[in-house]
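Undergrad: From first to last, the protein sequence lines stand for chains A and B. Each residue of the first sequence is one higher than the one before, starting from 7 at the first, in our numbering. Each residue of the second sequence is one higher than the one before, starting from 120 at the first, in our numbering.
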Amino acid sequence: MESSLFFGISTMAYITAMMIYITYLAFKKAPVGIIATTVTIVGFFSQTLAIILRWKEFAELSGMGILRSAPLTNLYESMTFFVWCLILGYLIIEFKFKNRSFGAFITPIAGLVLAFIDLTGVSKEIQPLVPALKSNWLLAHVTMSFIAYAAFAMSFATGLMYLIITAEKKSEISYLFWTFTFGLFAILLVTMGIDFLTFQVKVRPEEFIKSYLFKTSFLHPSSVVKIISWIASFTALFVIWKYGYVLKGVLEKLNVTPDMLEEITYRSIAVGFPIFTLGGLIFGAIWADQAWGVYWSWDPKETWSLITWFIYAFYLHGRMVRGWKGKKVAIVAVIGFAAVIFTYLGVNLLLSGLHSYGSG
Amino acid sequence: MEQTNNKSPIDKVWSFFASVKFAIIIFALIAVTSIFGTILEQRAEPAKNLQVLSRIFNESIAPGLYNIFDKLGFMDMYHSWWFMTLLVLFAVNLIVCSLDRLPRIWKLVKEPISPLPEERIKKFLINREISLKGPADTVRKTVLEAAKGVGFTCHEVKEENGYQFFAQKGNYGRLGVYLTHLSILIILIGALFGARFGFKGFMEVGEGTVSNTAFDGNKELSMDFLVKCDNFDVEFYGMSDMPKEYKSWLTIIKDGKEVMKKSITVNDPLTYEGITFYQSSYGLIPNGLGSGIFIFNVVSKNGHSSFLNLRLGDSFQIPGTAITGKILDFSPALRIMNGQASTYANMMNNPAVLVDFTESGKQKFSGWIFRRHPESWQLPDGNRVEFHNYWGVEYTGLQVRKDPGVWVVYLGCILMSIGLFTAFFISHHRIWIKLVEEKGKTRIIAGANTNKNRGTLERKIDRMISVLNSRQEGAK
Numbered sequence: 007m008e009s010s011l012f013f014g015i016s017t018m019a020y021i022t023a024m025m026i027y028i029t030y031l032a033f034k035k036a037p038v039g040i041i042a043t044t045v046t047i048v049g050f051f052s053q054t055l056a057i058i059l060r061w062k063e064f065a066e067l068s069g070m071g072i073l074r075s076a077p078l079t080n081l082y083e084s085m086t087f088f089v090w091c092l093i094l095g096y097l098i099i100e101f102k103f104k105n106r107s108f109g110a111f112i113t114p115i116a117g118l119v120l121a122f123i124d125l126t127g128v129s130k131e132i133q134p135l136v137p138a139l140k141s142n143w144l145l146a147h148v149t150m151s152f153i154a155y156a157a158f159a160m161s162f163a164t165g166l167m168y169l170i171i172t173a174e175k176k177s178e179i180s181y182l183f184w185t186f187t188f189g190l191f192a193i194l195l196v197t198m199g200i201d202f203l204t205f206q207v208k209v210r211p212e213e214f215i216k217s218y219l220f221k222t223s224f225l226h227p228s229s230v231v232k233i234i235s236w237i238a239s240f241t242a243l244f245v246i247w248k249y250g251y252v253l254k255g256v257l258e259k260l261n262v263t264p265d266m267l268e269e270i271t272y273r274s275i276a277v278g279f280p281i282f283t284l285g286g287l288i289f290g291a292i293w294a295d296q297a298w299g300v301y302w303s304w305d306p307k308e309t310w311s312l313i314t315w316f317i318y319a320f321y322l323h324g325r326m327v328r329g330w331k332g333k334k335v336a337i338v339a340v341i342g343f344a345a346v347i348f349t350y351l352g353v354n355l356l357l358s359g360l361h362s363y364g365s366g
Numbered sequence: 120m121e122q123t124n125n126k127s128p129i130d131k132v133w134s135f136f137a138s139v140k141f142a143i144i145i146f147a148l149i150a151v152t153s154i155f156g157t158i159l160e161q162r163a164e165p166a167k168n169l170q171v172l173s174r175i176f177n178e179s180i181a182p183g184l185y186n187i188f189d190k191l192g193f194m195d196m197y198h199s200w201w202f203m204t205l206l207v208l209f210a211v212n213l214i215v216c217s218l219d220r221l222p223r224i225w226k227l228v229k230e231p232i233s234p235l236p237e238e239r240i241k242k243f244l245i246n247r248e249i250s251l252k253g254p255a256d257t258v259r260k261t262v263l264e265a266a267k268g269v270g271f272t273c274h275e276v277k278e279e280n281g282y283q284f285f286a287q288k289g290n291y292g293r294l295g296v297y298l299t300h301l302s303i304l305i306i307l308i309g310a311l312f313g314a315r316f317g318f319k320g321f322m323e324v325g326e327g328t329v330s331n332t333a334f335d336g337n338k339e340l341s342m343d344f345l346v347k348c349d350n351f352d353v354e355f356y357g358m359s360d361m362p363k364e365y366k367s368w369l370t371i372i373k374d375g376k377e378v379m380k381k382s383i384t385v386n387d388p389l390t391y392e393g394i395t396f397y398q399s400s401y402g403l404i405p406n407g408l409g410s411g412i413f414i415f416n417v418v419s420k421n422g423h424s425s426f427l428n429l430r431l432g433d434s435f436q437i438p439g440t441a442i443t444g445k446i447l448d449f450s451p452a453l454r455i456m457n458g459q460a461s462t463y464a465n466m467m468n469n470p471a472v473l474v475d476f477t478e479s480g481k482q483k484f485s486g487w488i489f490r491r492h493p494e495s496w497q498l499p500d501g502n503r504v505e506f507h508n509y510w511g512v513e514y515t516g517l518q519v520r521k522d523p524g525v526w527v528v529y530l531g532c533i534l535m536s537i538g539l540f541t542a543f544f545i546s547h548h549r550i551w552i553k554l555v556e557e558k559g560k561t562r563i564i565a566g567a568n569t570n571k572n573r574g575t576l577e578r579k580i581d582r583m584i585s586v587l588n589s590r591q592e593g594a595k
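#1: Counting only runs of 4+ residues fully inside the stretch 171-200 of chain B, write out the alpha helix (DSSP H) ranges in chain order.
#2: Val-327 of chain A touches chain B at which residues, Cβ-Cβ below 8 Å?
#3: Check whether the Cβ atoms of Glu-364 of chain B and Thr-332 of chain B sit closer than 7 Å, and answer yes or no.
#4: What did DSSP end up calling Ile-200 of chain A once you bin it into helix, strand or coil?
#5: Does Leu-67 of chain A come within less than 7 Å of chain B when only Cβ atoms are used?
#6: How should Gln-283 of chain B be labelled, buried or exposed, when 16 other C-beta atoms within 10 angstroms of its C-beta is the threshold for buried?
#7: Could you run through the stretch 316-348 of chain B and flag, in chain order, every residue whose CB is less than 8 Å away from some CB of chain A?
#8: Please confirm if the stretch 86-98 of chain A is in contact with the stretch 31-38 of chain A, defined as three or more CB-CB distances below 8 Å between the two stretches.
#9: Would you identify the three-state DSSP class for Thr-349 of chain A, choosing helix, strand or coil?
#10: Counting beta carbon pairs with one atom in the stretch 268-285 of chain A and one in the stretch 112-121 of chain A, are three or more of them shorter than 8 Å?
#11: Take the Cβ of Ile-112 of chain A as the centre, count every other Cβ of all protein chains shown within 10 Å, and call the residue buried at 16 or more, exposed below.
#12: Which same chain residues end up closer than 8 Å to Ala-297 of chain A when comparing Cβ atoms and leaving out the 5 residues on each side of it in sequence?
#13: Just to check my reading of the structure: Val-346 of chain A and Phe-158 of chain A have Cβ atoms closer than 8 Å, yes? What is that Cβ distance to the nearest angstrom?
#14: Can you confirm whether Phe-64 of chain A, when its beta carbon is compared against all beta carbons of chain B, has any partner nearer than 7 Å?
#15: For Asp-195 of chain B, which residues from the same chain have a beta carbon less than 8 Å from its beta carbon, with the 5 sequence-adjacent residues on both sides left out?
#16: For Phe-540 of chain B, go through chain A and note every residue whose CB falls closer than 9 Å to its CB, in chain order.
#17: Cβ of Thr-349 of chain A less than 7 Å from any chain B Cβ?
#18: Would Val-151 of chain B be called buried (16 or more neighbouring beta carbons within 10 Å of its own) or exposed?
#19: Can the beta-carbon of Ser-16 of chain A be found closer than 7 Å to that of Leu-59 of chain A?
#20: Helix, strand or coil, according to DSSP, for Cys-216 of chain B in the structure here?
#21: Using a Cβ-Cβ cut-off of 7 Å, state whether Cys-273 of chain B counts as contacting chain A.
#22: Does chain B have any CB closer than 7 Å to the CB of Pro-264 of chain A?
#23: Would you mind stating whether Ala-441 of chain B and Glu-478 of chain B have Cβ atoms separated by less than 7 Å?
#24: Give me the residue from B:Lys-347, B:Arg-223, B:Gly-268 and B:Gln-591 with the minimum Cα distance to Gly-516 of chain B.
#25: In the DSSP assignment, what are the bridge partners of Leu-429 of chain B?
#26: Measure the alpha-carbon distance for Phe-155 of chain B versus Ile-313 of chain A and round it to whole angstroms.
#27: Strictly below 7 Å CB to CB, what residues from chain B border Gly-324 of chain A?
#28: Starting from Asn-468 of chain B, find everything on chain A with Cβ-Cβ shorter than 8 Å and list it in chain order.
#29: Are the C-beta atoms of Trp-236 of chain A and some chain B residue less than 7 Å apart?
#30: From this set, B:Gly-531, B:Ile-564 and B:Lys-252, which residue's C-alpha is nearest Ser-598 of chain B's C-alpha?
#31: Who are the neighbours of Thr-515 of chain B on chain A, taking C-beta pairs under 9 Å?
#32: Would the beta-carbon of Ile-488 of chain B fall within 7 Å of that of Val-474 of chain B?
#33: Helix, strand or coil for Gln-161 of chain B per DSSP?
#34: How is Lys-376 of chain B classed by DSSP in three states: helix, strand or coil?
#35: If we require 4 or more residues per run, which alpha helix (DSSP H) segments fall completely within the stretch 254-306 of chain A?
#36: Going along the chain, which residues of the stretch 190-217 of chain B sit with their C-beta nearer than 8 Å to a C-beta in chain A?
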């Protein structure tokens with residue numbers, strides 16, 4: 007298990023980079039930015055090495071050859087691969103647009119994913135493949151899906167930044183939307199964190215989510231705690247709404263322009279959408295046809311990827327409607343990524359269906 | 120406004136169906152309604168969804184809600200009339216909007232590019248102007264080379280006081296969108312075709328038996344050939360109970376003749392006469408556990424061996440010896456803990472037989488022989504009883520599918536891939552460069568236009584201009 011050492015290094019590097027990028031955002035000192043990039047690159051190389059090592063370990067253990075032993079067969083492996091794609095995408099954008107400000111928005115996503123792995127106790131063991139996953143389609147289907155997810159994550163970050171930077175009034179829909187999304191995200195993280203700290207259970211993530219989620223807050227047996235949780239949440243939403251414009255000021259000080267954010271959002275989706283269609287939907291359908299005898303069965307995972315597909319189709323077509331390009335479609339881009347998260351995690355953890363490999 | 124008033128009702132309906140707004144309304148409706156079908160389990164027992172509803176809402180209102188959702192078709196929503204209507208509207212929108220826009224786009228694709236007057240070139244969103252020393256005739260070659268350097272091989276016309284160069288690339292990229300639209304229609308047609316003329320069902324075939332019928336609820340598919348299951352087996356990882364492979368050995372029998380033999384696994388089905396059989400499940404034949412056949416290879420310590428087919432209660436002799444064994448008991452999944460033998464699963468996870476050995480009437484020893492543990496095959500006296508299989512007790516569950524539309528769907532998928540990649544990654548670039556000679560200098564006016572990714576083309580044009588500028592400096 008040499009791979010876990012390098013995974014550990016990369017996790018630490020990304021979380022450190024996240025803090026440095028945020029410092030950079032606050033003080034805008036060039037050397038700080040260079041350190042942030044360096045730390046990210048170190049993390050990226052360390053993770054690349056870790057994935058290669060794990061791939062090798064898996065191939066040796068399963069004896070199935072390189073093509074079929076891609077380390078992409080459970081929740082832990084897919085999440086780390088997602089982080090890898092995201093960081094790669096971010097580094098490309100950083101070099102292409104010569105702008106480090108996105109780092110403060112992208113590295114937290116990477117950090118959160120890695121924290122989620124540790125928080126929920128997702129199994130890091132190398133597990134043998136169930137018969138249904140023994141196929142050459144695994145590699146193509148899963149890698150392409152995750153490259154697309156990473157591209158969508160990028161569009162989420164820049165879409166959100168776009169909404170922040172273009173907000174003019176506190177009463178306008180786009181401002182309400184982003185502060186609400188941001189608040190909801192924060193509330194979810196905090197309540198899940200409290201759940202975890204309270205129960206300290208080393209259970210499988212699906213059990214954690216099914217049986218323990220919100221038991222310390224919204225679903226607490228005592229109604230006093232319930233009411234306090236709701237009041238606290240609404241207060242948090244209100245505070246974020248009230249002071250959210252501060253972030254606008256921070257972004258404005260950096261040299262990001264709304265046009266640039268719009269372009270990156272569109273470009274990320276323009277890359278993600280065809281890759282998602284081909285790798286996620288089409289390859290998925292062909293594989294399902296081969297393994298289950300149905301190319302489409304309205305299984306929750308399939309349906310949710312179709313929902314995601316329609317939301318991004320909405321984005322792409324919405325840009326052509328007069329007056330929609332800009333804030334309105336940026337909202338759609340943000341919603342699109344929420345659907346991605348649900349397709350990836352929510353379906354496996356909350357709904358049941360054929361596609362339940364990723365939950366272990 | 121005037122224009123709208125003059126439109127006939129048919130035109131109005133047409134432009135409504137052709138509009139992007141209508142498309143995105145359909146997208147939103149399909150996406151939002153689809154969510155319900157992932158929360159409520161489709162075609163499930165009512166009790167399941169009642170439970171789901173009472174978990175989300177409240178136990179008291181769950182039955183009422185269930186009735187409402189049931190009446191609206193949400194319990195099998197992807198086949199309900201209203202979801203079908205949404206899909207039909209989606210298809211109509213695709214057809215109408217494509218027909219509406221295609222002639223214009225087709226013209227843009229086919230139209231050869233032609234020279235433009237200076238004012239028009241300057242009006243493009245990307246336009247640059249520089250001035251180079253020397254007459255147009257000498258500058259001409261430099262400009263053509265610079266344009267070629269960024270990937271444009273230009274046509275050229277001689278004009279008054281100079282030249283005009285123009286080129287276009289990726290004009291077919293504009294058709295990608297329409298190819299994608301067409302591919303969706305093809306996939307929908309393929310799915311319709313499969314639903315109308317295809318069959319999806321399930322059959323169970325016991326080891327050693329044949330069947331020619333698959334079932335889909337009450338629907339029945341009778342095939343004019345027989346499917347025989349020669350054997351079924353689960354392979355496990357090492358000594359664990361984690362399945363590695365499910366495998367069925369099938370034979371197709373037509374008119375009394377064996378026409379095909381194949382072993383299938385989860386990702387490797389068998390297809391015969393357009394009907395495909397997929398490894399889907401397995402299990403024990405009801406009440407059949409005692410009546411299977413043990414396949415042993417009995418090897419004596421001096422090398423005599425014989426293959427034996429035996430039943431529970433049968434006796435056998437180890438070749439070349441006076442030792443006989445009698446099969447006393449069988450377990451599909453035996454576990455021995457603290458000296459106690461017990462059956463831990465109702466599947467063939469760890470088959471074992473209890474054999475009692477006697478030599479000329481005298482009891483020698485007895486013990487469990489495990490199929491998955493070859494070390495248990497070795498008897499204390501040096502003879503060996505290899506337990507190869509317990510056959511005739513399991514059935515294989517096969518998903519049966521006949522879908523004449525699947526190739527149409529695949530064709531649609533291929534077209535969609537081509538369409539999307541053309542639509543997103545091929546831009547229609549057009550450039551015009553006008554050279555005007557004025558007092559020993561040549562003014563160069565460049566304009567460019569694209570249907571997407573303006574930044575990329577802009578960077579190309581800037582690269583071309585900077586090449587021209589550096590030539591100028593080099594010539595000084």
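Where is the CB? At the ideal position from N, CA and C, for every residue including glycine.
TA: Taking the geometry as given:
#1: With a minimum length of 4 residues, the continuous alpha helix (DSSP H) runs that stay inside the stretch 171-200 of chain B are 181-190.
#2: Near Val-327 of chain A (Cβ distances below 8 Å), the residues of chain B are Val-139, Lys-140 and Ile-143.
#3: No, the Cβ-Cβ distance between Glu-364 of chain B and Thr-332 of chain B is not below 7 Å.
#4: In the three-state reduction of the DSSP assignment, Ile-200 of chain A falls in the helix class.
#5: Not an interface residue.
#6: A residue is called buried once 16 or more other Cβ atoms fall within 10 Å of its Cβ, and Gln-283 of chain B is buried on that count.
#7: For the stretch 316-348 of chain B, which is checked against every Cβ of chain A, the residues closer than 8 Å are Lys-319.
#8: By the criterion of at least three beta-carbon pairs nearer than 8 Å, the stretch 86-98 of chain A is not in contact with the stretch 31-38 of chain A.
#9: If DSSP states are grouped into helix, strand and coil, Thr-349 of chain A belongs with the helices.
#10: Contact fails: fewer than three Cβ-Cβ distances are below 8 Å.
#11: Buried, since its Cβ has 16 or more Cβ neighbours within 10 Å.
#12: Excluding sequence neighbours, Ala-297 of chain A sits near Ala-138 and Ser-141.
#13: Rounded to the nearest angstrom, the Cβ distance from Val-346 of chain A to Phe-158 of chain A is 5 Å, consistent with a contact under 8 Å.
#14: No, because no Cβ of chain B sits closer than 7 Å to the Cβ of Phe-64 of chain A.
#15: For Asp-195 of chain B, where only same-chain residues beyond five positions count, the Cβ hits under 8 Å are Gln-161 and Arg-162.
#16: Per Cβ cutoff of 9 Å: Pro-280 and Leu-284.
#17: Chain B, which has no Cβ nearer than 7 Å to the Cβ of Thr-349 of chain A, makes this no.
#18: If you draw a 10 Å sphere on the C-beta of Val-151 of chain B, you find fewer than 16 other C-beta atoms in it, and that means exposed.
#19: No; because the gap between Cβ atoms is not below 7 Å, this pair is not in contact.
#20: Note: Cys-216 of chain B maps to helix in three-state DSSP.
#21: No - not a single Cβ of chain A is within 7 Å of the one on Cys-273 of chain B.
#22: By this cut-off, Pro-264 of chain A is not an interface position.
#23: Between Ala-441 of chain B and Glu-478 of chain B, the gap from beta carbon to beta carbon is short of 7 Å.
#24: Nearest option by C-alpha distance: B:Lys-347.
#25: Bridge partners of Leu-429 of chain B: B:Phe-413.
#26: About 11 Å.
#27: Within 7 Å Cβ-Cβ: Ile-143.
#28: Residues of chain A whose Cβ lies closer than 8 Å to the Cβ of Asn-468 of chain B do not exist; the shortest such Cβ separation is about 15 Å.
#29: At a cut-off of 7 Å, the C-beta of Trp-236 of chain A has no neighbouring C-beta in chain B.
#30: For residue 598 of chain B there is no data in the structure shown, the boundaries of chain B being 120 and 595.
#31: Within chain A, no C-beta atom comes less than 9 Å from the C-beta of Thr-515 of chain B; the nearest is roughly 13 Å away.
#32: Contact flag set, yes.
#33: It is coil, neither helix nor strand.
#34: Lys-376 of chain B: strand per DSSP, three-state reduction.
#35: DSSP runs (the alpha helix (DSSP H)) wholly in the stretch 254-306 of chain A: 264-281 and 289-297.
#36: Result list: Tyr-197.
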